[in-house]
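Some notes on the structure that comes next.
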Amino acid sequence: MNGTLLAAASATSTGEAVQFWILGTVAVLGALGTVLMKRSVHSALCLAGTMIVLAVFYLANGAYFLGIVQIVVYTGAVMMLFLFVLMLVGVTAADSLKETIRGQRWMAVLCGLGFGILLVGGIGNASVGTFTGLAEANAGGNVQGLARSIFTDYVFAFEITGALLVTAAVAAMVLTHRERTERRDTQREMAEKRVREGKHLPPLPAPGVYARHNAVDIPGLLPDGTPSELTVSQTLRSRGQVRDVSRKSLSDLAALERRTEDYLGRDESAARGGPGEGGGRDVRDAADVRKDVSDDSPAADRDRDTDRDGDRDADRDREAAK
Amino acid sequence: MSFPLLTAVAALPAIGAVATAAVPAARRTAAKWLALAVSLATLVLAAVVAFRFDPGGDRYQLTESHTWIADFGVRYELGVDGIGVALIALTALLIPFVVLAGWHDADPVEEEAAPGRRWRPTQGFFALILAVEAMVVISFAATDVFLFYVFFEAMLIPMYFLIGGFGDRAGARDEAEAAKQRSYAAVKFLLYNLAGGLIMLAAVIGLYAVTADQLGEGTFSLRAIVEARASGELTMAQNTERLLFLGFFLAFAVKAPLWPLHTWLPNAMGESTAPVAVLITAVVDKVGTFAMLRFCLGLFPEASAWATPVVLVLALVSIIYGALLAIGQRDIKRLIAYASISHFGFIILGIFAMTSQGQGGATLYMVNHGISTAALMLVAGFLISRRGSRLIADYGGVQKVAPVLAGTFLIGGLATLSLPGLAPFVSEFLVLVGTFTRYPAAGIVATFGIVLAALYVLVLYQRTMTGPVRPEVERMPDLRKRELAVVAPLIALLVLLGVFPKPLTDIVNPAVEHTLSDVQKTDPDPEVEAAK
Amino acid sequence: METLIGLLVAAPLLGAAVLLCGGRRLDRTGHWIGTALAAASFLLGAVLFADMLGREAEDRTLSQHVFSWIPVGGFQADVAFRLDQLSMTFVLLITGVGTLIHVYSIGYMEHDERRRRFFGYLNLFLAAMLLLVLADNYLLLYAGWEGVGLASYLLIGFWQHKPSAATAAKKAFIVNRVGDIGLSIAIMIMFTTFGTFAFSPVLESVGGTSEGTATAIGLMLLLAACGKSAQVPLQSWLGDAMEGPTPVSALIHAATMVTAGVYLIVRSGAIFDAAPAAQTAVVTVGAVTLLFGAIVGCAKDDIKKALAGSTMSQIGYMVLAAGLGPIGYAFAIMHLVTHGFFKAGLFLGAGSVMHGMNDEVDMRRYGGLRKYMPITFATFGLGYLAIIGFPGLSGFFSKDKIIEAAFAKGGTEGWILGGAALLGAAITAFYMTRVMLMTFFGEERWRNAPTPSPKEPSVEPAAETGGEYEVPHPHESPKSMTVPMIVLAFGSVFAGGLFSWGEAFVHWLEPVVPFEHGHPPVSALTVTAATVVALLIGVGAAWLQYGRKPVPALAPRGSLLTRAARRDLLQDDFNHVVLVKPGEYLTRGLVYLDHKVVDGAVNGTAAAVGGLSGRSRRIQNGYARSYAVSMLGGAAVLVAATLLMRAV
Amino acid sequence: MNPVNYLYLAALLFTIGASGVLLRRNAIVVFMSVELMLNAANLALVAFSRLHGNLDGQIIAFFTMVVAAAEVVVGLAIIVTIFRSRHSASVDDASLMKL
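Sequence order for the protein chains is G, P, Y and B.
If you read the first sequence in the UniProt record's numbering, its first letter stands for residue 1, the second for the next number, and so on.
If you read the second sequence in the UniProt record's numbering, its first letter stands for residue 1, the second for the next number, and so on.
If you read the third sequence in the UniProt record's numbering, its first letter stands for residue 1, the second for the next number, and so on.
If you read the fourth sequence in the UniProt record's numbering, its first letter stands for residue 1, the second for the next number, and so on.
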């Protein structure tokens with residue numbers, strides 16, 4: 001503990017003011033980000049930012065211990081826990097901010113604003129003097145000071161929080177740990193199950209391999225030129241990192257045919273009467289089909305969900321195996 | 001402190017109820033006999049009360065008084081005047097017949113009676129009946145308003161189960177329908193009476209507040225309050241008194257029941273078994289009229305006088321309305337229920353006529369109506385149990401195949417239409433005369449109830465008993481020994497009280513005089529002093 | 001001696017109790033017990049009569065206080081008997097005729113398996129009737145009054161398997177009840193006015209009250225009398241009451257019960273003397289009824305209903321006389337007694353005829369029966385002569401006196417009443433002759449099968465005999481039936497003369513029933529002559545119509561009046577339209593009202609509460625976030641509240 | 001600088017957190033918002049403790065953290081469980097509380 005910090009704790013220097021205004025803005029932005037970001041990962045990061053800022057504020061307010069704890073426990077442990085869970089639940093959670101409950105948003109905004117305004121108003125007309133400063137309180141050192149009162153005045157509360165933590169830990173385990181009740185079924189049984197359900201008897205088809213580079217992210221095309229969803233890993237799909245090339249390939253095909261016809265010097269009529277017709281038909285069909293696929297996105301979502309489940313089961317089995 | 005006789009009269013059936021309920025499932029018959037024995041023992045005790053009671057003595061006798069809830073001045077105060085004695089005797093007298101008449105009403109049907117099944121409807125039935133008896137006795141004997149209130153309300157619980165749990169199996173076409181009707185009736189009964197009771201609770205508390213305000217420490221003791229009023233020590237503001245009176249009166253009017261608060265009675269009586277119906281109309285409802293006489297008039301004389309005109313009109317409406325609706329009924333038990341409404345109209349009319357004939361007649365009426373309705377209703381129950389239908393139209397010519405049943409039914413009916421020589425005539429005529437001396441118009445209107453009564457009783461008898469024999473009733477058995485044992489004593493009693501009611505009147509008269517002195521009323525004098 | 005009075009009532013009461021509770025084991029001896037007890041009661045009556053004759057005219061009134069019945073405050077009803085000349089007359093009539101009819105019933109009801117109960121009811125009736133006439137206060141009289149009503153209800157409906165009988169019984173009881181309202185209200189007024197309702201105090205102090213009160217009491221008593229004695233407007237039940245067994249008709253609906261109204265009026269004479277308006281009402285009722293009944297009697301083909309009409313009319317005479325005050329009371333009672341004899345005789349004769357004609361009651365199926373049942377013919381004939389007032393027979397003396405008294409009422413009123421009485425006499429002669437001719441003379445119409453017309457109520461009993469028509473074999477009735485008829489015939493011949501021998505009857509009654517000589521505007525002889533003339537006219541007319549030309553076996557449609565008379569002058573239709581129908585609508589409406597309105601109000605409230613809670617449940621949509629909103633809102637409100645508190 | 005600014009900031013953050021709770025459907029984000037609110041409270045407490053010159057405020061903030069940690073642990077566990085059973089982390093899907 002050196003004097004400067006103690007001094008900083010007692011008085012409010014212009015430095016602190018500057019710091020407050022800058023970091024305060026950051027904190028508010030972080031908070032807003034937490035609430036408004038579409039993807040929960042981003043929210044988590046914003047929150048982490050805000051927390052760090054707060055930690056700085058603690059320090060600035062002479063709560064050194066809390067400041068450290070804030071960084072270590074919150075920004076460290078808790079936020080990591082959040083991220084873990086996010087991963088566990090799946091990063092897909094790009095949930096729309098579209099409101100489903102009727103009137104909820106308006107009510108929320110109303111109440112929020114009203115509450116905030118009231119609070120601000122309350123603080124406004126509260127008579128807050130200048131800082132007394134923690135000079136003598138932190139005289140024996142902030143940690144010691146805290147420790148003293150925690151282990152004397154607040155010892156019972158402290159003990160109880162201990163009990164609380166233990167309980168929480170046990171609770172977490174109880175809740176998350178799941179006992180496998182039934183024997184996990186063998187390869188053969190899985191195979192038979194597949195047969196019974198009659199879907200994907202063969203293993204999932206491979207992704208489209210494209211001449212330019214190895215393309216796990218490119219769905220293979222079905223004979224009619226439409227991309228098969230199954231060929232791309234579900235994760236990529238959910239991240240939306242799938243590159244659809246079917247349109248390109250079809251246009252290439254059409255170009256190829258035209259060129260061959262020029263090369264063979266067939267006249268239009270024959271071309272019309274010949275495979276050109278068939279080609280044209282192919283193109284048209286393919287286009288239709290593709291339109292269909294892109295159209296009934298809900299259906300797509302649905303089967304996406306289902307095989308997402310399938311994948312998750314697979315993961316789970318993997319855990320259990322470990 | 002002598003032997004607490006009144007407590008004993010109430011406690012015996014209470015203990016009996018517990019004991020009966022405790023009888024194991026298989027020993028059904030034992031439970032029945034136990035219940036019968038207990039009710040008879042209670043009857044004996046009640047007889048002792050009646051003999052120990054000295055009509056010439058002071059107003060309340062056999063009194064007991066113990067502190068119950070000291071903080072609120074609630075005391076366990078018992079004591080009977082002539083009216084109370086008469087009604088306790090009536091209760092104790094009717095219960096054995098109710099038990100005997102309901103002998104098979106609660107026998108579990110086959111699938112329920114499966115061995116090993118811990119299903120004990122019979123025990124429950126008789127236990128509940130005894131419980132009701134105990135509570136009724138306490139209500140008749142309580143001279144502490146709060147104590148009375150507690151039992152007045154507690155009565156509803158066993159009654160609720162008796163109505164809802166043990167319906168008339170001869171009721172609707174199928175059991176499900178019957179169950180629906182039953183629970184409807186039971187809930188209706190409970191809600192009506194609870195509503196009234198809660199209003200009364202408010203009034204009870206208000207009364208306590210008033211006494212606490214004026215007498216220093218509050219009390220619920222009827223006697224203390226009446227004395228304080230008499231001595232002018234306790235004076236209520238006019239509006240306060242009227243509100244309190246209304247609070248009490250409403251509860252009693254629902255219980256009685258007085259038009260237009262009557263609609264629960266036909267459902268309750270129609271859906272429940274005949275013995276339970278008797279329990280409702282002959283025993284439980286009497287608490288309402290009795291309480292009007294003892295509490296409404298005793299505690300709030302001025303308010304009673306103030307409310308008299310309205311109450312008289314309502315009573316008259318009840319008389320005529322009940323009779324007319326009885327004529328319009330197709331269901332035997334509902335018909336009897338409406339007839340009872342008409343009779344309760346007479347009772348209330350007599351009470352508020354504020355003459356010794358009126359009130360004495362009303363008290364006799366409570367007793368006689370209890371007995372006559374019991375006779376009529378129980379015979380009707382036997383009839384219904386034979387044919388399995390409550391509809392009048394399903395009967396005809398019974399008199400040919402079951403003359404004794406028909407005869408007893410007729411006598412019950414004649415008692416209901418208050419034929420001279422049978423008990424109800426005495427009371428009904430007293431009520432009429434008592435009303436006429438003070439309110440001639442009311443007396444005359446009420447007299448028309450007599451004709452209507454003749455109409456509904458005789459139409460009922462004609463439709464069910466006379467005429468060509470219907471095929472359904474051809475092999476209907478006549479009254480069995482048990483049933484005759486139920487009906488014969490009741491009829492004998494009807495005749496006895498009809499020919500020689502003096503013992504009863506001797507007990508009742510002094511009490512009535514006291515009540516009249518409470519309301520500071522005296523009989524109007526004849527305008528011409530007759531040459532003796 | 002006094003104690004015997006109680007026994008007088010007790011004997012038949014005992015009989016009733018024994019017979020009704022005795023059960024089947026008494027079936028073979030029951031009728032003997034009943035008859036014996038009736039006879040015993042008659043003997044007691046005779047003993048008391050002898051004793052009474054033995055005493056001075058002034059202290060012939062015996063009274064017995066049995067026990068205090070209903071003592072409440074000033075209301076002191078006692079079971080106490082009072083036996084004076086008036087009651088004694090009735091006692092003898094009731095027990096005497098009653099005993100005879102018991103004897104008659106032994107034969108008449110021989111083939112009825114419920115004969116024991118029949119006798120029980122008869123005894124019950126005797127007891128109630130005796131109670132009625134012996135009571136010394138109006139309340140006890142009321143008890144007897146309703147008692148006889150009950151007995152008549154039971155006896156009219158004795159053949160309950162016949163719906164018509166059951167209905168008739170119910171009708172009789174209810175109409176009587178309407179009358180009873182009058183009696184009970186009268187008693188209430190008495191109690192309110194005099195503080196008592198015992199005969200002597202009331203009757204003595206009636207002068208002390210206003211005429212209005214007296215009139216009210218009188219009218220109420222009249223209402224009661226109308227009900228019991230089948231006077232207009234409450235007469236409708238008597239005709240239907242003929243559904244009962246014939247002995248019943250003879251005893252209750254001819255000789256005794258129906259005359260109770262007359263007894264009531266005569267007994268309460270003092271009240272009516274104090275209320276001229278009430279008296280006028282009485283005589284009006286009497287005059288109207290005597291014509292009404294006579295007219296009805298002319299049109300009926302059912303022999304019993306014809307006789308019922310005549311009963312109605314004869315009682316009309318009595319009521320008329322009773323309404324005339326002191327000049328008529330005694331003659332009312334006198335006619336009552338003689339009528340008791342000959343009308344009972346006529347009914348028993350009718351019963352005997354039906355007995356021989358297997359319960360056929362339609363006179364159009366009779367004819368020429370005189371040679372088949374001579375005794376019946378003779379007794380019936382004597383009764384016939386008596387009732388039409390053939391000079392020298394009972395009816396002549398009593399009826400003639402009444403007509404005189406009617407004229408003696410004085411003024412136009414007297415003329416009107418007298419004229420009505422004379423007219424009635426003529427009509428009586430007409431319809432009785434008609435009955436006589438149709439039954440005992442003319443061709444034997446019963447030999448060929450009937451063609452019953454459904455409209456005729458009178459053929460119902462015939463329908464009872466069922467499908468094919470077997471030709472009846474008219475035969476004389478057994479001794480047990482003929483003997484009573486003979487005795488009654490003697491009564492109907494000589495009673496009148498005996499009574500008016502030196503006005504013996506009047507003087508016998510005088511101590512209790514005030515009497516004064518009426519002074520008709522014309523000489524008594526003229527009146528008598530007029531009566532005889534009227535009688536001859538009536539007989540002649542009847543002979544012209546029914547004696548000379550044969551009687552059609554099927555009733556002709558007849559004039560409007562005839563048809564109306566057949567339907568009892570539309571009285572039932574009137575009641576139906578004015579009372580029954582509206583009543584039905586009223587009750588039906590009320591049932592609906594009770595269900596929909598009174599009950600509906602309550603159920604409606606319940607439904608409303610239920611609906612409300614159902615709505616408010618929607619707020620709980622289960623979304624944690626909307627709950628959170630409300631939480632935050634609540635918090636905001638709290639903050640606001642605190643701030644406000646601080647601000648204030 | 002006026003110490004009340006800290007309080008304003010705290011209030012602001014708290015309100016933002018609250019509206020986050022109300023607006024977001026993803027249970028995890030909702031939780032984050034709750035954490036935000038807690039932190040805002042903590043900030044206020046710390047500021048107070050400095051304002052009044054004693055450590056009680058800090059201690060309470062400390063306890064708040066502990067409780068918050070426990071709460072997060074359990075809450076997240078619940079979220080995971082719910083997610084397993086119904087494949088969704090949306091708080092609206094767990095709306096079985098309505099009749």
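Where is the CB? At the ideal position from N, CA and C, for every residue including glycine.
Exercise. At a cut of 8 Å, does the stretch 178 to 186 of chain P reach the stretch 197 to 204 of chain P through at least three beta carbon pairs?
Worked result: No, because fewer than three Cβ pairs between the stretch 178 to 186 of chain P and the stretch 197 to 204 of chain P fall closer than 8 Å, the two stretches do not touch.
Exercise. Taking the continuous beta strand (DSSP E) assigned at Asp78(Y), which residues delimit it?
Worked result: Residues 75 to 83.
Problem set entry | Contact under 7 Å by Cβ, Ser105(Y) with Val133(Y) | Against a cut-off of 7 Å, the Cβ pair of Val133(Y) and Ser105(Y) comes out as no contact.
Exercise. Are Ala350(Y) and Ile303(Y) close, meaning C-beta to C-beta below 7 Å?
Worked result: Result yes, Cβ atoms of Ala350(Y) and Ile303(Y) sit closer than 7 Å.
Exercise. Considering Val80(P), what are the terminal residues of the beta strand (DSSP E) in which it resides?
Worked result: Unbroken beta strand (DSSP E) run through Val80(P): 74 to 80.
Exercise. Can you name the start and end residues of the beta strand (DSSP E) that Pro71(Y) belongs to?
Worked result: Start and end: 62 to 72.
Exercise. Expressed to the nearest angstrom, what Euclidean distance is found between the alpha-carbon atoms of Ile217(Y) and Val578(Y)?
Worked result: Using only the alpha carbons, I get a separation of about 26 Å.
For this session: Can you pull the chain P residues whose beta carbon is under 8 Å from the beta carbon of Thr167(Y), in chain order?
Result: Gln462, listed in chain order.
For this session: Check whether the Cβ of Lys286(P) lies closer than 7 Å to any Cβ atom in chain Y.
Result: Not closer than 7 Å to any Cβ of chain Y, the Cβ of Lys286(P) fails to qualify, so no.
Exercise. Gly361(P) to Ile347(P), Cα distance in whole Å?
Worked result: Cα to Cα, the separation comes out at about 8 Å.
Exercise. Is any beta-carbon of chain B found at less than 7 Å from that of Ala641(Y)?
Worked result: Residue contact with chain B for Ala641(Y): absent (no Cβ-Cβ distance below 7 Å to any residue of chain B).
For this session: For Asp58(P), return the contacting residues in chain Y, with the cut-off set at a CB-CB distance below 7 Å.
Result: In chain order: nothing, as chain Y lies at least about 20 Å away.
For this session: Give a yes or no on contact between the stretch 390 to 407 of chain P and the stretch 122 to 129 of chain Y, applying the rule of three or more CB pairs nearer than 8 Å.
Result: Taking 8 Å as the limit for Cβ pairs, the verdict is that the stretch 122 to 129 of chain Y does not touch the stretch 390 to 407 of chain P.
Problem set entry | Within-7 Å CB hit, Ala89(B) to chain G | A Cβ of chain G is located within less than 7 Å of the beta carbon of Ala89(B).
Problem set entry | Ser313(Y) vs Gly293(Y) beta-carbon contact at 7 Å | Between Ser313(Y) and Gly293(Y), the gap from beta carbon to beta carbon is short of 7 Å.
For this session: Can you tell me which of the three DSSP states Met1(Y) falls into?
Result: Look at Met1(Y) here: in three-state DSSP terms it is coil, with no helix or strand label.
For this session: Could you name the residues of chain Y that Ala18(B) contacts, counting a contact when the two beta carbons are closer than 7 Å?
Result: The answer, in chain order, is Leu632.
Problem set entry | Where Pro12(Y) sits in the DSSP three-state scheme | DSSP places Pro12(Y) within a helical segment (H, G or I) once states are collapsed to three.
Problem set entry | Extent of the continuous alpha helix (DSSP H) to which His42(G) belongs | For His42(G), the enclosing alpha helix (DSSP H) stretches over residues 40 to 60.
For this session: Starting from Pro227(G), follow its DSSP beta bridges and name the residues at the other end.
Result: Checking the DSSP bridge columns, you'll see Pro227(G) partnered with Leu221(G).
Exercise. Can you round the beta-carbon distance between Gly116(G) and Ala11(B) to whole angstroms, since I take them to be within the 8 Å contact cut?
Worked result: Confirmed, Cβ separation roughly 6 Å.
For this session: Give the straight-line distance between the Cα atoms of Ala492(P) and Ala423(P), rounded to the nearest whole angstrom.
Result: Rounded to the nearest whole angstrom, the C-alpha separation of Ala492(P) and Ala423(P) is 10 Å.
Exercise. Between which two residues does the alpha helix (DSSP H) containing Thr376(Y) stretch?
Worked result: Membership of Thr376(Y) in the alpha helix (DSSP H) is indicated by the continuous run 374 to 387.
Exercise. In chain order, which alpha helix (DSSP H) runs of at least 4 residues are fully inside the stretch 383 to 415 of chain P?
Worked result: You should have 398 to 401.
Problem set entry | Beta-bridge pairing of Glu64(P) - partner residues as DSSP gives them | Paired residues: Leu78(P).
For this session: Mark residue 650(Y) as exposed unless 16 or more other C-beta atoms lie within 10 angstroms of its C-beta, in which case mark it buried.
Result: In the structure as shown, chain Y begins at 1 and stops at 648. Residue 650(Y) is therefore absent and cannot be evaluated.
Problem set entry | Where Gly129(G) meets chain Y, residues with beta-carbon distance less than 9 Å | Simply none; closest approach about 17 Å.
For this session: Report the partner residues of Asn26(B) according to the DSSP bridge assignment.
Result: According to DSSP, which records beta bridges pairwise, Asn26(B) is partnered with Ser90(B).
Exercise. Given that Met51(G) touches chain B, what residues does it touch there, using C-beta distances under 7 Å?
Worked result: Ordered by position in chain B, the residues that pass the 7 Å Cβ test against Met51(G) are Asn39.
Exercise. So Ile280(P) is in the alpha helix (DSSP H); what residue range does that whole segment cover?
Worked result: It is not in any alpha helix (DSSP H) - Ile280(P) carries neither H nor E in the DSSP assignment.
Problem set entry | Residue-level contact to chain C via CB, Val21(B), 7 Å cutoff | The chain labelled as chain C is not found among the protein chains of the depicted structure, namely G, P, Y and B.
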